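Enquirer: Respectively, the protein sequence lines represent chains A and B.
Using full-length UniProt numbering, the final residue of the first sequence is 284, and nothing's skipped along the way.
Using full-length UniProt numbering, the final residue of the second sequence is 284, and nothing's skipped along the way.
The structure's right below; bear with me while I get my questions together.
2 protein chains.
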Amino acid sequence: MSNIIDGRMLAKKMNQQTTDMVSELKSRGTSPCLAVIIVGNDQASHRYVRSKNKKATQLGIKSIVKEMPEETSEQEVLQVLDEYNNDDKINAILIQSPLPKHINEKYVMSKINPEKDVDGFQVINSGKLFLNEPTNYPVACTPKGIMTMFNEYGIELKGKKAVVIGRSTIVGRPMAALLINAGAEVMVINHYVSNISDYTKDADIIVSATGKLHTVTENDVKDGVVIIDVGQNVDENGKLVGDVDYDDLRSKASYITPVPGGVGPMTIATLMRQTVELAKWSEK
Amino acid sequence: MSNIIDGRMLAKKMNQQTTDMVSELKSRGTSPCLAVIIVGNDQASHRYVRSKNKKATQLGIKSIVKEMPEETSEQEVLQVLDEYNNDDKINAILIQSPLPKHINEKYVMSKINPEKDVDGFQVINSGKLFLNEPTNYPVACTPKGIMTMFNEYGIELKGKKAVVIGRSTIVGRPMAALLINAGAEVMVINHYVSNISDYTKDADIIVSATGKLHTVTENDVKDGVVIIDVGQNVDENGKLVGDVDYDDLRSKASYITPVPGGVGPMTIATLMRQTVELAKWSEK
């Protein structure tokens with residue numbers, strides 16, 4: 001009975017709409033611009049930044065990548081950040097994590113102008129989400145991308161029993177807040193909980209963000225459940241897989257996201273969309 | 001088997017400790033001061049403000065009550081607020097709700113200096129709570145007072161299944177965040193949910209903040225549950241009662257708060273404590 005949620009297809013559709021939004025903004029003189037600061041030599045980080053840069057350029061978004069050497073001081077990063085914070089041509093700023101150990105990453109990140117906080121991690125933006133403020137503010141891209149999935153697949157949230165596994169500030173907490181704000185009945189549980197089926201067995205929607213293989217198995221869910229898998233794990237055979245037992249769950253779930261090709265592509269598409277939204281909101 | 005959580009007794013104990021903290025702060029030259037702004041003639045509001053003022057004075061906290069007439073303009077309220085925000089002798093500011101209709105209450109409240117936000121309602125303080133920041137910040141007094149109850153009665157939270165009924169920004173949401181931060185498995189449900197026992201029947205802890213009679217009945221809970229009742233309702237006989245069927249639940253619950261004499265006294269004791277904490281934090 002399972003319907004696979006095709007994250008690649010959705011991301012493509014979303015990117016097409018983003019391209020149209022960029023054209024419209026440009027036609028009235030607003031040119032969306034994302035600035036990424038990356039410090040040091042972490043290869044995975046450089047790979048992520050290259051792919052964000054490429055995607056932005058494809059969509060007509062101006063992309064600035066500031067590469068700084070490993071030995072850069074905190075003060076030097078803050079100087080660049082301050083310049084970007086005050087540059088009206090830059091709408092969105094992202095500091096690629098991790099920063100080298102001699103830099104206080106949390107402090108540096110807290111200095112991003114909240115109006116350019118494309119990752120949605122700032123305290124003030126998280127507070128607006130938590131309080132469901134009726135204004136525009138950026139939201140963490142992974143859970144925001146998941147909300148787009150629900151919407152595009154016509155998955156009803158109001159009054160549904162949703163379980164979020166994992167309480168990180170980047171995925172679990174903002175995901176819970178978005179679901180609460182959408183009117184769902186929301187449970188947030190620890191990633192290390194042992195008796196997971198006690199929480200998931202009658203859930204209508206499960207979002208797993210644990211980074212742990214076999215977090216949700218066939219016996220933990222009811223027929224017709226919607227399963228969103230945020231995990232990116234490597235299994236015993238060196239294959240990229242999610243948190244849940246995808247093959248076993250496919251026949252029980254009404255909707256399920258694959259890994260890869262599910263949540264992942266939506267996160268980067270949402271990052272691009274949010275860059276454009278920040279540009280639009282800055283027009284006022 | 002039920003143990004009644006005695007909010008009056010706990011508040012008294014807490015106030016005694018607060019008095020000691022005030023003495024200690026005064027001995028090093030810090031004199032805690034709470035300023036309350038009240039606009040208009042709402043009788044209930046005036047009653048609340050008088051009781052806060054009286055309690056503060058009892059505990060050695062300086063209390064300023066600024067009474068402004070119904071016809072006060074928004075600008076005039078903002079001027080007083082600005083003065084208090086910048087007055088180093090005032091550590092805590094509270095604007096009594098409701099303000100007259102011609103004043104944008106939400107806007108005025110948002111202008112309280114977050115470091116003097118004794119109600120803990122500011123976006124930035126809510127964001128810190130939501131993200132579980134490892135710093136000092138004020139938290140909404142009702143849920144914070146409930147956390148003191150759990151602590152004083154030795155009620156374990158880590159790994160426990162907690163259900164919060166009601167998702168207000170003043171009680172439900174901060175309560176959920178505090179429980180999540182304490183390591184509980186937390187469900188947040190709408191106050192209007194119909195099949196409440198689906199959510200509460202295996203809960204270890206239930207916090208009800210619905211303002212609705214009979215929100216939780218004897219059949220909705222398991223033996224040994226802990227029940228915290230935030231409701232303040234008037235029943236068919238004109239008696240002040242909570243949200244839950246207290247008399248029926250007493251024999252099933254391991255702990256339960258009465259109404260009156262449960263959560264209520266703890267809220268005002270927490271407000272006083274938080275005034276003193278803000279004074280202490282401002283010393284740095």
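Note that the Cβ used here is the ideal one computed from N, Cα and C, for glycine as well.
Since the model is a prediction, treat every value here as computed from it, not as a measurement.
Between the alpha carbons of N85 of chain B and M109 of chain B, how many angstroms are there, rounded?
Expert: Taking the straight line joining both Cα atoms gives about 12 angstroms.
Enquirer: Using only alpha-carbon positions, find the residue among A:D223, A:G166 and A:T72 that is nearest to T215 of chain A.
Expert: The option with the nearest alpha carbon to T215 of chain A is A:G166.
Enquirer: Under 8 angstroms Cβ to Cβ from S23 of chain A, same chain only, skipping five residues before and after it: list those, please.
Expert: Counting only Cβ-Cβ distances below 8 angstroms, and skipping sequence neighbours, we find G60.
Enquirer: At a CB-CB cut-off below 8 angstroms, which residues of chain B make contact with L131 of chain A?
Expert: Under the 8 angstroms cutoff, chain B gives V123, S126, T169 and R173.
Enquirer: Does the beta-carbon of M9 of chain A have 16 or more other beta-carbons within 10 angstroms, so that it is buried, or is it exposed?
Expert: Result: exposed.
Enquirer: Using the beta-carbon of each residue, which ones in chain A are nearer than 7 angstroms to Y199 of chain B?
Expert: Ordered by position in chain A, the residues that pass the 7 angstroms Cβ test against Y199 of chain B are E185.
Enquirer: Assuming L34 of chain B contacts L94 of chain B under a Cβ cut-off of 8 angstroms, what Cβ separation, rounded to an integer in Å, is found between them?
Expert: Confirmed, Cβ separation roughly 7 angstroms.
Enquirer: Report the residue from B:N195, B:S251 and B:A279 whose alpha carbon sits nearest the alpha carbon of K160 of chain A.
Expert: Minimum Cα distance to K160 of chain A is reached at B:N195.
Enquirer: Straight-line CA distance for A184 of chain A to V207 of chain B?
Expert: Straight-line Cα distance between these residues: approximately 18 angstroms.
Enquirer: Can a CB atom of chain A be found closer than 9 angstroms to the CB of V221 of chain B?
Expert: Chain A contact via Cβ: absent.
Enquirer: Can you list, in chain order, the residues of its chain with a C-beta nearer than 7 angstroms to that of N181 of chain A? Leave out the 5 residues immediately preceding and following it.
Expert: Excluding positions up to five away in sequence, the list reads N132.
Enquirer: CA-CA distance, I232 of chain B and V36 of chain B?
Expert: A small fix is needed here, since residue 232 of chain B is Gln in this sequence, not Ile. Roughly 23 angstroms between the two C-alpha positions.
Enquirer: Exposed or buried, which one is V234 of chain A when buried takes at least 16 other CB atoms within 10 Å?
Expert: Label assigned to V234 of chain A: exposed.
Enquirer: According to a CB-to-CB cut-off of less than 7 angstroms, which residues of the region 93–120 of chain A neighbour chain B?
Expert: Those residues of the region 93–120 of chain A that come within reach of chain B (Cβ to Cβ, closer than 7 angstroms) do not exist; the list is empty.
Enquirer: Let me confirm a value: S197 of chain B is counted as buried when at least 16 other C-beta atoms fall within 10 Å, else exposed. Which label applies?
Expert: So S197 of chain B ends up on the exposed side.
Enquirer: Could you check where the beta strand (DSSP E) with S63 of chain A kicks off and where it finishes?
Expert: Counting along the chain, the beta strand (DSSP E) containing S63 of chain A begins and ends at K62 to M68.
Enquirer: Looking only at DSSP bridge pairs, what is K161 of chain A linked to?
Expert: DSSP output for K161 of chain A lists A:E185 as bridge partner(s).
Enquirer: In chain order, which alpha helix (DSSP H) runs of at least 4 residues are fully inside the region 234–280 of chain A?
Expert: Here the runs fully enclosed are 246–249.
Enquirer: For chain C, find out if any of its Cβ atoms is closer than 9 angstroms to the Cβ of N190 of chain B; answer yes or no.
Expert: No chain C appears in the structure shown, which is made up of the protein chains A and B.
Enquirer: Mind checking whether F130 of chain A and L178 of chain B have CB atoms under 9 angstroms apart?
Expert: No.
Enquirer: I'd like to check one pair, H191 of chain B with A176 of chain B: are the Cβ atoms closer than 9 angstroms?
Expert: In this structure, H191 of chain B does not lie closer than 9 angstroms to A176 of chain B by Cβ.
Enquirer: Thinking just about the alpha-carbon of each residue, which of A:T57, A:V77, A:Q58 and A:S73 is nearest to the one in K66 of chain A?
Expert: Per the Cα distances, A:V77.
Enquirer: Which word fits N237 of chain B, buried or exposed, when buried means at least 16 other C-beta atoms lie within 10 angstroms of its C-beta?
Expert: Classification of N237 of chain B: exposed, given that the 10 Å Cβ count is below 16.
Enquirer: What is the DSSP secondary structure of I124 of chain B, reduced to helix, strand or coil?
Expert: I124 of chain B: helix per DSSP, three-state reduction.
Enquirer: Considering only residues of the same chain and omitting the five flanking positions on each side of K252 of chain B, which have a CB-CB separation below 7 angstroms?
Expert: Answer for K252 of chain B: E218, V221, D223 and V225, listed in chain order.
Enquirer: Between the beta-carbon of D229 of chain B and the beta-carbon of Y255 of chain B, is there less than 9 angstroms?
Expert: No.
Enquirer: List the residues that DSSP assigns as beta-bridge partners of V207 of chain B.
Expert: DSSP, once it has assigned bridges, lists B:V164 and B:I228 as partnering V207 of chain B.
Enquirer: With a 10 Å radius around its C-beta and 16 neighbouring C-beta atoms as the bar for buried, classify L240 of chain A as buried or exposed.
Expert: It is exposed - the Cβ of L240 of chain A has fewer than 16 other Cβ atoms within 10 Å.
Enquirer: Measure the CB-CB distance between T30 of chain B and S282 of chain B and report whether it falls below 9 angstroms.
Expert: Contact: yes.
Enquirer: Name the residue from B:N113, B:K158 and B:S126 whose alpha carbon lies nearest to the alpha carbon of P143 of chain B.
Expert: When only C-alpha atoms are compared, the closest one is B:S126.
Enquirer: Please report the distance separating the alpha-carbon of Y153 of chain B from that of Q17 of chain B.
Expert: The alpha-carbon atoms of Y153 of chain B and Q17 of chain B are separated by roughly 17 angstroms.
Enquirer: Considering only residues of the region 74–152 of chain A, which uninterrupted beta strand (DSSP E) runs meet the minimum length of 3 residues and lie entirely inside it, listed in chain order?
Expert: Fully enclosed beta strand (DSSP E) runs of 3 or longer: 92–95.
Enquirer: Is P32 of chain B a contact residue of the ligand HEM, with contact defined as CB to any heavy atom under 8 angstroms?
Expert: For the structure depicted, the ligand HEM is absent and the ligand set is empty, with no information on it obtainable.
Enquirer: Would you kindly check if the distance between the Cβ of I90 of chain B and the Cβ of K116 of chain B is under 9 angstroms?
Expert: Cβ atoms of K116 of chain B and I90 of chain B: closer than 9 angstroms.
Enquirer: For a contact defined as C-beta to C-beta under 7 angstroms, what are the partners of I205 of chain A on chain B?
Expert: Neighbours of I205 of chain A on chain B: none; closest Cβ ~13 angstroms, over 7 angstroms.
Enquirer: So what does DSSP say about V221 of chain A, is it helix, strand or coil?
Expert: Residue state, collapsed to three classes: coil.
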